[in-house]
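**Q** Using the UniProt record's numbering, the letters of the sequence shown correspond one by one to residues 1 to 201.
Using N, Cα and C, we set each Cβ at its ideal position, and we do this for glycine too.
Source: prediction; values computed, not measured.
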Amino acid sequence: MKKHLENSKGSIIAFCFIMGTIVIMLAISTLTIYTNDFIAVISNGDAVKAYYLAEIAVEETLWEIMKTTETLIFLYFSDLKEHKVNYLKDKGKETYQEYHPLIFNNYLQSHLINKLTTYKKQNNHPFLDYGHSHRYEVDLKYDVLQKIVIIEGTGIYNNARKKVKLELVLPYQIQEGIDAYDLPSTKIYPLKISGYHQIVL
């Protein structure tokens with residue numbers, strides 16, 4: 001063996017073998033790093049699209065709830081005006097009852113909180129330019145203790161899943177001062193976003 005290594009032909013062959021092995025190992029390592037990086041970039045792109053789908057789900061539901069609460073506020077003030085007019089008409093009569101303003105929370109309870117399940121939805125393939133299968137889902141809950149509506153949107157693109165949670169403080173009524181007819185003046189504070197979270201799945 002020593003004779004072959006000292007031989008010029010043997011040393012060239014050994015050198016070429018070692019260099020070839022090093023080059024092959026470097027090529028395989030580079031290819032592995034490139035492939036892993038490419039897979040990570042693709043996976044990150046899928047996660048971004050899934051997150052976007054979750055955001056769309058939450059924003060669509062938020063928009064619908066905002067329209068509903070706005071309609072309820074207008075309906076409440078219309079009914080309140082009629083209620084005050086009827087009270088003032090009856091005030092001159094001998095048998096009239098004490099004035100009690102309408103309660104806005106009853107409107108919310110009957111027209112929104114009791115119907116939260118109607119806002120739940122699932123939309124498959126909402127975007128034509130997304131190549132892989134995708135969808136979003138919306139789930140709603142009402143927290144009675146904190147008096148907030150929780151909207152959870154889940155976006156799914158390819159194998160990536162992202163979830164977004166939005167917490168809403170519903171409009172609420174406050175009696176503040178006296179109006180021109182010596183009746184309690186009512187203010188309604190609008191819908192407010194109290195929390196926004198990305199949930200790790």
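(1) For F104, does the count of other Cβ atoms within 10 angstroms reach 16, so buried, or fall short, so exposed?
(2) Which term fits L75, buried or exposed, when burial requires 16 or more other beta carbons within 10 angstroms of its beta carbon?
(3) Thinking C-alpha only, which one of Y196, D79, I42 is nearest N106?
(4) Using a 10 Å radius around the Cβ and a threshold of 16 neighbouring Cβ atoms, would you call I18 buried or exposed?
(5) Unbroken beta strand (DSSP E) runs of length 3 or more, entirely within the region 51-124: which are they?
(6) If you measure between the beta carbons of T61 and I151, is that distance less than 8 Å?
(7) With a threshold of 16 other CB atoms inside 10 Å of the CB of H125, please say whether the residue is buried or exposed.
(8) Thinking just about the alpha-carbon of each residue, which of E176, T30, P184 is nearest to the one in K81?
(9) Looking at the secondary structure, which residues open and close the beta strand (DSSP E) in which A160 lies?
(10) Between which residues of its own chain and I73 is the CB-CB distance below 7 Å, once the five residues before and five after are set aside?
(11) Check V41 in the structure and name its three-state DSSP category.
(12) Distance, Cα to Cα, L88 vs D179?
(13) DSSP on K141, reduced to helix/strand/coil?
(14) Excluding the 5 residues flanking I148 on each side, which residues of the same chain have their C-beta closer than 7 Å to its C-beta?
(15) Got a sec, what are the start and stop residues for the beta strand (DSSP E) S133 sits in?
(16) Do you know offhand how far K192's Cα is from A47's?
(17) Would you please state the rounded distance, in angstroms, between the beta carbons of D139 and K120? I believe it to be under 8 Å.
(18) Taking C-alpha atoms, which residue in D182, N158, I13 lies nearest to Y99?
(19) What is the rounded straight-line gap between the Cα of M1 and the Cα of L31?
(20) Let me know the secondary structure DSSP gives K147 once reduced to three states.
(21) Closest to G131 by C-alpha separation, out of N158, E59, L108, I113, would be which residue?
**A** In short:
(1) buried
(2) exposed
(3) D79
(4) exposed
(5) DSSP runs (the beta strand (DSSP E)) wholly in the region 51-124: 121-124.
(6) yes
(7) exposed
(8) P184
(9) Here the beta strand (DSSP E) through A160 covers 160-169.
(10) P171, I188
(11) helix
(12) 13 Å
(13) strand
(14) E167, L168, V169, S194
(15) Element bounds for S133: n/a, residue is neither H nor E.
(16) Approximately 28 Å between the Cα atoms of the pair.
(17) 6 Å
(18) Selected option, being the one with the closest Cα: D182.
(19) Residue placement at M1 cannot be trusted, given a pLDDT of 48 that sits under 50; the coordinates are not used to answer.
(20) coil
(21) In terms of CA proximity to G131, N158 leads the group N158, E59, L108, I113.
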